[in-house]
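So the sequences go chain by chain: A and B. When you line the first sequence up against the working numbering, it's residues 1 to 230, in that order. When you line the second sequence up against the working numbering, it's residues 231 to 664, in that order. Data block below; observations after.
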Amino acid sequence: MTLLETHQAEIEAIVARYASKRSAVLPLLYLAQDTYGYLTDEAIREVATILELPATDVYEVVGFYTLFYNRPVGTWVLQVCDDVPCCYCGAEELIAALKQTLGIHEDETTPDGMFTLQRVKCLAACDRAPVLQANLDYVYDVTPDRVQTLLNDLRSRAAEARKRGVSGRFAEDYEFTRDGRLVQIERFSPYRPREFVIEPPAQPATPPPSVAPEADAGLDRPDTRKASPL
Amino acid sequence: MGLSEHIVMRELDIPDIADFEVYRRHGGWEAYRYALTEKTPADIVQMVKESGLRGRGGAGFPTGIKWGFLPKGVYPRYLLCNCDESEPGTFNNHQIIDKNPHQLIEGVALSAYAIEAEVAYIYMRGEFAAAARTLERAIAQAYAAGFLGKKILGTDFNLDIYVHRGAGAYICGEETALMESLEGKIGQPRLKPPFPAVAGLYGKPTIINNVETLANVPRIVEKGVAWYRSHGTEKSPGTKCFSLSGHVNRPGNYELPFGVPLRELIESPEYGGGMKGGRPVKIIIPGGASAPWLTADHLDVPLDYESVAAAGSMLGSGAVIVLNDTVSAPHVAYKMDEFFKHESCGKCTPCREGTHWLVRVLHRMVEEGHATAADIDTLHSIYRQMAGNCFCLLGESAVMPIKSALALFPHEFEALVKQSSRHNGHHIPLMVHR
Ligand SMILES: Cc1cc2nc3c(=O)[nH]c(=O)nc-3n(C[C@H](O)[C@H](O)[C@H](O)COP(=O)(O)O)c2cc1C
Ligand code: SF4
Ligand code: FES
Numbered sequence: 001m002t003l004l005e006t007h008q009a010e011i012e013a014i015v016a017r018y019a020s021k022r023s024a025v026l027p028l029l030y031l032a033q034d035t036y037g038y039l040t041d042e043a044i045r046e047v048a049t050i051l052e053l054p055a056t057d058v059y060e061v062v063g064f065y066t067l068f069y070n071r072p073v074g075t076w077v078l079q080v081c082d083d084v085p086c087c088y089c090g091a092e093e094l095i096a097a098l099k100q101t102l103g104i105h106e107d108e109t110t111p112d113g114m115f116t117l118q119r120v121k122c123l124a125a126c127d128r129a130p131v132l133q134a135n136l137d138y139v140y141d142v143t144p145d146r147v148q149t150l151l152n153d154l155r156s157r158a159a160e161a162r163k164r165g166v167s168g169r170f171a172e173d174y175e176f177t178r179d180g181r182l183v184q185i186e187r188f189s190p191y192r193p194r195e196f197v198i199e200p201p202a203q204p205a206t207p208p209p210s211v212a213p214e215a216d217a218g219l220d221r222p223d224t225r226k227a228s229p230l
Numbered sequence: 231m232g233l234s235e236h237i238v239m240r241e242l243d244i245p246d247i248a249d250f251e252v253y254r255r256h257g258g259w260e261a262y263r264y265a266l267t268e269k270t271p272a273d274i275v276q277m278v279k280e281s282g283l284r285g286r287g288g289a290g291f292p293t294g295i296k297w298g299f300l301p302k303g304v305y306p307r308y309l310l311c312n313c314d315e316s317e318p319g320t321f322n323n324h325q326i327i328d329k330n331p332h333q334l335i336e337g338v339a340l341s342a343y344a345i346e347a348e349v350a351y352i353y354m355r356g357e358f359a360a361a362a363r364t365l366e367r368a369i370a371q372a373y374a375a376g377f378l379g380k381k382i383l384g385t386d387f388n389l390d391i392y393v394h395r396g397a398g399a400y401i402c403g404e405e406t407a408l409m410e411s412l413e414g415k416i417g418q419p420r421l422k423p424p425f426p427a428v429a430g431l432y433g434k435p436t437i438i439n440n441v442e443t444l445a446n447v448p449r450i451v452e453k454g455v456a457w458y459r460s461h462g463t464e465k466s467p468g469t470k471c472f473s474l475s476g477h478v479n480r481p482g483n484y485e486l487p488f489g490v491p492l493r494e495l496i497e498s499p500e501y502g503g504g505m506k507g508g509r510p511v512k513i514i515i516p517g518g519a520s521a522p523w524l525t526a527d528h529l530d531v532p533l534d535y536e537s538v539a540a541a542g543s544m545l546g547s548g549a550v551i552v553l554n555d556t557v558s559a560p561h562v563a564y565k566m567d568e569f570f571k572h573e574s575c576g577k578c579t580p581c582r583e584g585t586h587w588l589v590r591v592l593h594r595m596v597e598e599g600h601a602t603a604a605d606i607d608t609l610h611s612i613y614r615q616m617a618g619n620c621f622c623l624l625g626e627s628a629v630m631p632i633k634s635a636l637a638l639f640p641h642e643f644e645a646l647v648k649q650s651s652r653h654n655g656h657h658i659p660l661m662v663h664r
């Protein structure tokens with residue numbers, strides 16, 4: 001079955017939104033990626049044919065944008081933000097915990113094909129650090145002690161994830177409760193103010209060191225951990 | 231200096247405003263109805279001009295004046311809503327969409343009416359997949375209620391709004407790169423002029439505004455210019471949704487009038503709640519990754535465009551990153567420039583090569599522990615060759631972290647050189663490169 005045969009109505013609706021067919025290239029690549037799991041050569045050529053573009057133009061687009069995968073990825077792609085400020089608020093500790101638990105490095109996939117681990121840049125959720133996306137589902141407040149809960153949850157949702165694909169067309173948001181449960185955030189729920197725990201000042205205040213060489217690797221910096229929002 | 235009523239983050243006053251019916255009950259879409267049935271597009275442009283609304287996407291350009299640049303009588307025109315939000319430290323658009331989506335859609339619709347556009351696209355970063363569905367649902371509700379479509383509310387105005395997701399590229403937030411991306415190409419900026427108002431999407435006159443900018447518009451039309459200008463300062467009227475992050479007790483978005491002192495945002499128990507563990511402030515980046523750094527000496531700077539500029543930085547996107555004394559300045563510069571290197575589109579040499587070399591040198595100094603005195607000169611020389619020579623502002627922004635770090639914390643670079651043990655000023659091979 002070709003993309004056009006399986007998704008004709010959706011493709012036509014997408015193309016109709018734009019004054020130029022070519023504009024539909026990102027939405028169609030998302031569709032192809034969800035259909036095939038990743039962007040195979042065949043998928044790329046199909047998108048090119050539908051949009052009447054040279055295949056090289058579509059290859060160029062696939063290469064430019066980071067959310068397109070032109071080789072197989074795990075059922076769950078874990079994209080962990082390691083940018084400033086997250087990297088000073090527990091992101092490095094989270095990545096270390098994920099690497100250790102999964103037994104893989106960045107840009108690798110676990111042998112069972114379940115998880116691919118990636119470092120990514122700011123995810124626009126810096127107040128909820130450490131933060132990651134699992135197939136573009138946001139997961140907030142992922143402190144290292146919550147990694148096991150998260151991975152168990154993702155494993156049990158794997159069948160569903162395979163249906164939903166890695167392009168986030170049906171993405172949801174998740175967060176941890178204070179007692180460490182992982183819950184889905186109702187997308188259309190009323191606003192609920194966040195709760196914060198104000199940490200007491202360190203006693204006695206230490207004078208600032210001229211250089212903090214371990215700042216990036218600082219494995220025990222509890223002062224950078226943030227309380228859960230619930 | 232708190233607000234009695236929020237202009238944009240209204241979920242704080244009306245908790246379930248994300249519900250279409252609740253939004254309607256609180257006057258939602260009435261400003262739009264009023265505009266369509268009783269005002270001309272020119273009236274709305276005039277109103278926005280008088281309100282002094284300034285673009286929240288980074289440059290702070292007056293919105294009404296931008297709208298006035300459209301050439302007369304040239305159609306079709308397009309409205310683009312910029313929701314690429316990818317600069318480290320910025321996360322208010324994300325919250326506006328999650329918590330108050332209908333006000334954004336009404337703002338897009340009203341602004342499209344004002345500039346006489348019949349098609350509007352909301353360009354969202356690809357990662358905002360769930361948020362894109364929130365907006366698609368809000369748009370569907372607006373169609374069902376008769377606010378979008380053909381011959382809206384019995385007038386001759388037609389409008390379609392579409393959500394378009396990018397696919398992971400910060401540069402697509404730059405307005406002309408966004409247009410390239412929306413046209414189905416790789417996101418590389420275009421030469422300006424011509425400016426988008428003259429030749430933008432598909433070569434047609436195009437207005438592009440940030441999410442927060444457009445979300446202000448319904449409130450200006452509903453409550454009037456005088457009310458709007460009663461917030462903020464003379465030159466920066468209204469409020470700003472500051473995204474506060476880093477080593478504060480209560481990171482989050484806080485909507486405050488322009489002109490609020492930095493100290494209040496960071497220390498007030500209602501906002502930042504002070505520094506985590508009471509540690510001292512070391513680096514403040516007041517306007518997203520592109521802004522020159524400030525320090526604890528600047529805590530009394532009022533947060534408006536003019537005052538932050540006078541302090542030597544820029545308010546930019548209003549993303550305030552506060553870091554404490556546990557961070558090393560060369561490391562922050564390294565991480566920031568790693569961001570810019572990662573996101574450089576590769577179109578022009580100073581940025582593509584400059585960010586690459588900044589990161590290589592910094593990586594060796596900071597991560598591998600090999601630093602020579604000559605490295606400091608090399609860093610100065612790299613950013614000087616970039617400054618003023620890049621094709622777009624991404625490359626120019628990449629200068630700021632390293633320039634700030636070298637200017638404010640030169641001793642930390644010197645300390646790295648002193649600490650560097652395994653060399654004697656000899657050539658050091660580059661061991662690792664990411
Ligand atoms: C590299 C780069 C990235 C940008 N990213 C964004 C962005 O994510 N969102 C945004 O609104 N503006 C961004 N801008 C600014 C836009 O080019 C443009 O000025 C803005 O969308 C105009 O809207 P405004 O007048 O409402 O601020 C970026 C600019 C540059 C140079
Ligand atoms: S400055 Fe950087 S992002 Fe901008 S055009 Fe040049 S290479 Fe691309
Ligand atoms: S830096 Fe991690 S989400 Fe912004």
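Using N, Cα and C, we set each Cβ at its ideal position, and we do this for glycine too. For clarity, every value in this text was computed on a predicted model and none was experimentally measured.
Check                                                                                                                                     : Outcome
Closer than 7 Å: residue 125(A) CB and nearest ligand 3 heavy atom                                                                        : yes
CB-CB length for residue 592(B) against residue 564(B), believed under 8 Å                                                                : 4 Å
Which listed residue (153(A), 138(A) and 154(A)) has its alpha carbon closest to that of residue 168(A)                                   : 138(A)
Burial state of residue 385(B), where buried means 16 or more other Cβ atoms lie within 10 Å                                              : exposed
Ordered list of beta strand (DSSP E) runs contained in the region 525-610 of chain B, each at least 3 residues                            : 549-554
Minimum Cβ-Cβ distance from residue 208(A) to chain B less than 8 Å                                                                       : Here residue 208(A) scores only 48 on pLDDT, less than 50, and its place in the model should not be relied on; the value that follows carries that caveat. Yes, its Cβ sits closer than 8 Å to a Cβ of chain B.
Short CB-CB distance (under 8 Å) between residue 454(B) and chain A                                                                       : no
Contact list for the region 419-435 of chain B against chain A, Cβ threshold 7 Å                                                          : 432
Listed by chain order, chain B residues near residue 121(A) by CB distance under 8 Å                                                      : 316, 318, 400, 569, 572 and 573
Within-8 Å CB hit, residue 479(B) to chain A                                                                                              : yes
Backbone secondary structure at residue 115(A) - three-state DSSP                                                                         : strand
Proximal chain B residues relative to residue 42(A), where beta-carbon distance stays under 9 Å                                           : Those do not exist, as residue 42(A) stays about 20 Å from chain B at its closest Cβ, beyond 9 Å.
Whole-angstrom C-beta distance between residue 620(B) and residue 581(B), which should lie under 8 Å                                      : 5 Å
Segment contact, 8 Å Cβ cut-off, at least three pairs: the region 397-411 of chain B with the region 364-383 of chain B                   : no
Alpha-carbon spacing of residue 38(A) relative to residue 355(B), whole angstroms                                                         : 20 Å
Contacts around residue 626(B), its chain only, beta-carbon distance under 6 Å, and the 5 residues preceding and following it disregarded : 620
Limits of the unbroken alpha helix (DSSP H) element including residue 410(B)                                                              : 405-412
Counted within 10 angstroms of its Cβ, other Cβ atoms place residue 224(A) as buried (16 or more) or exposed                              : Unreliable placement is indicated for residue 224(A), whose pLDDT of 33 sits below 50; the coordinate value is still reported in the next sentence. Buried is the call here.
Within 9 Å of chain D by C-beta, residues of the region 350-366 of chain B in sequence order                                              : The question asks about chain D, but that chain is absent: this structure's protein chains are A and B.
contact_flag[the region 290-304 of chain B, the region 437-448 of chain B] where n(CB pairs < 8 Å) is 3 or more                           : yes
C-beta neighbour in chain B for residue 100(A), strict 8 Å                                                                                : no
Under the three-state DSSP convention, the category residue 522(B) falls into                                                             : coil
Residue-chain proximity (residue 442(B), chain A), Cβ-Cβ < 8 Å                                                                            : no
Within chain A, the residues that residue 321(B) reaches when beta carbons sit closer than 7 Å                                            : 124, 125, 126 and 127
Closest by C-alpha distance to residue 75(A), when choosing among 162(A), 59(A) and 124(A)                                                : 162(A)
Three-state secondary structure (DSSP) of residue 394(B)                                                                                  : strand
Simplified DSSP assignment, three categories, for residue 109(A)                                                                          : strand
Near ligand 2: residue 625(B) beta-carbon under 7 Å from a heavy atom                                                                     : yes
Three-state secondary structure assigned by DSSP to residue 122(A)                                                                        : coil
Three-state secondary structure (DSSP) of residue 305(B)                                                                                  : coil
Neighbourhood of residue 10(A) by C-beta distance below 8 Å, restricted to the same chain and skipping five residues each side            : 31
Buried versus exposed call for residue 478(B) [16 or more other C-beta atoms within 10 Å across all chains shown]                         : buried
Beta-carbon gap between residue 44(A) and residue 15(A) smaller than 8 Å                                                                  : no
Exposure of residue 588(B), with buried meaning 16 or more beta-carbon neighbours within 10 Å                                             : buried
According to DSSP, residues forming a beta bridge with residue 487(B)                                                                     : 469(B)
C-beta neighbour in chain B for residue 140(A), strict 8 Å                                                                                : no
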